[in-house]
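Visitor: Residue numbers (UniProt numbering): 1 to 262.
The C-beta atom is built at its ideal place from N, Cα and C for all residues, glycine as well.
All figures in this text were calculated on a predicted structure; none of them were measured in a lab.
1. Mind listing, in chain order, the continuous alpha helix (DSSP H) runs of no fewer than 4 residues lying wholly within the segment 119-158?
2. For residue 55, tell me which candidate among 48, 91, 15, 70 has the shortest Cα-Cα distance.
3. Can you have a look at residue 240 and say buried or exposed, based on whether 16 or more other CB atoms are within 10 angstroms of its CB?
4. Would you call residue 68 buried or exposed, if buried means 16 or more other Cβ atoms sit within 10 Å of its Cβ?
5. Express the C-alpha separation of residue 46 and residue 255 in angstroms, rounding to a whole number.
6. Which residues in the same chain as residue 19 place their Cβ atom closer than 6 Å to its Cβ, once the five residues preceding and following it in sequence are excluded?
7. Taking the beta carbon of residue 246 as the centre, do at least 16 other beta carbons fall within 10 Å, making it buried, or is it exposed?
8. Which parts of the segment 174-261 are runs of the beta strand (DSSP E), unbroken and 3 residues or longer, counting only runs that do not cross its ends?
9. If you run the structure through DSSP and keep just helix, strand and coil, what is residue 285?
10. Around the C-beta of residue 259, are 16 or more other C-beta atoms found within 10 angstroms, so that it is buried, or is it exposed?
11. If contacts are defined as beta-carbon pairs under 8 Å, then residue 165 and residue 130 qualify, I think. What distance do you get, rounded to the angstrom?
12. Since residue 12 sits in a beta bridge, which residues does DSSP pair it with?
13. Pick helix, strand or coil for residue 117, following the three-state DSSP scheme.
14. In the DSSP assignment, what residue or residues form a beta bridge with residue 57?
15. Along the chain, where does the beta strand (DSSP E) that runs through residue 46 open and close?
16. Check each candidate in 200, 65, 104 and name the one with the smallest Cα separation from residue 98.
17. So what's residue 163 in DSSP terms, helix, strand or just coil?
18. Taking the alpha carbon of residue 50 as the reference point, which residue from 177, 11, 141 has its own alpha carbon closest?
19. Which of the three DSSP states, helix, strand or coil, is assigned to residue 6?
20. Here's the rule I'm using: 16 or more other beta-carbon atoms within 10 Å means buried, otherwise exposed. How should residue 112 be labelled?
21. In the DSSP assignment, the alpha helix (DSSP H) including residue 92 goes from what residue to what residue?
22. What is the residue span of the alpha helix (DSSP H) that residue 26 lies within?
23. Using only alpha-carbon positions, find the residue among 220, 90, 178, 43 that is nearest to residue 122.
24. Have a look at 132, 253, 242, 33 and flag the residue whose alpha-carbon is nearest the alpha-carbon of residue 204.
25. Out of 117, 141, 211, 81, state which residue places its alpha-carbon closest to the alpha-carbon of residue 176.
26. On the DSSP bridge assignment, give the partners of residue 102 in chain order.
27. Throw me the rounded Cβ distance for the residue 28 and residue 84 pair, which I believe falls under 8 Å.
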C-alpha cells in the first residue's frame, strides 16, 4: 500500500482501491483530498494493470462532505471552489474508462453523498448512511447530487430527501436503488474486494464502451442512443475480447478476458 497524507492506495488483482484518509474528520473533504483523489483516478485510468477502481473511506466514515474549516475566510466564491475541486472530480469519475465502485463504509453526507452516488456501482456496509445535508446550512445540493439523485429515486423523493435532510440507512438505500449491494460491516472490505475482482475479470474494453453508451443515453434521445450503440458495437466487435468471448462460447469454456500485462 502507498499512502499520501489524504489518500491511501492499494492494488490487488487488477483492483485499485483509493481510500479517503482523514478518519479523524470522517474523511471530510479539503482541497488536498479532492485534488489528490482526482489525480489518483486519472493515474489509474492510464495504468494498464488497473481494471477496476474502488473509492472508500478510512475509519467509520465514507465522507462527511466539505470540511467547512478548510474554506472559511478564504475569499473564494462557491462557484470558483466547485469548479476547481468537486466538479473536476465528479467529471473524472463519470468519464473514467474503467468501472468505479464507491464502497460506502459509513456516513456519506453533503458532497460525500454526491461522491457516493457517482460510482458505476455502489456497495454499502450495513452501517452506512447517506444524508443530503445541504439544506441544513441553507445551501443547494452540488457535486452532481441534483443530477444523480432524481434519476435514481424520481424528482419528488429527491426533493424530499434534499429538503428535509433525513438520514437514509442501508436497507432503505437498497430498496430505493441508491446502492446495488449491502454487506455486513465486519466483512465489508473483503466483500468489496471479491466483488471488484469479479468485475475486473469481465471484458474491460466492452465495459468501457458500455459506460460510454449509458452516459450518452442518460441525456440523449432514443434515436441518438441507437446510433451510439451501433457506433460503439463496431468498436466492441473489432476488439480481441469479442473473438475470445465467441471462441469460449463455442468451446464451452470460461472466457479469459484478462491478458498478462507486459
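Guide: Reading off the structure:
1. 145-153
2. 15
3. exposed
4. exposed
5. 24 Å
6. 8, 56, 58
7. exposed
8. 181-183
9. With the chain covering only 1 through 262, there is no way to say anything about residue 285.
10. exposed
11. 11 Å between Cβ atoms; not a contact.
12. 15
13. helix
14. 20
15. Per DSSP, residue 46 belongs to no beta strand (DSSP E) and is neither H nor E.
16. 200
17. helix
18. 11
19. coil
20. buried
21. 86-95
22. That residue, residue 26, is in no alpha helix (DSSP H); it is neither H nor E in DSSP.
23. 178
24. 242
25. 117
26. 55, 122
27. Contact doesn't hold; Cβ gap of about 17 Å is too wide.
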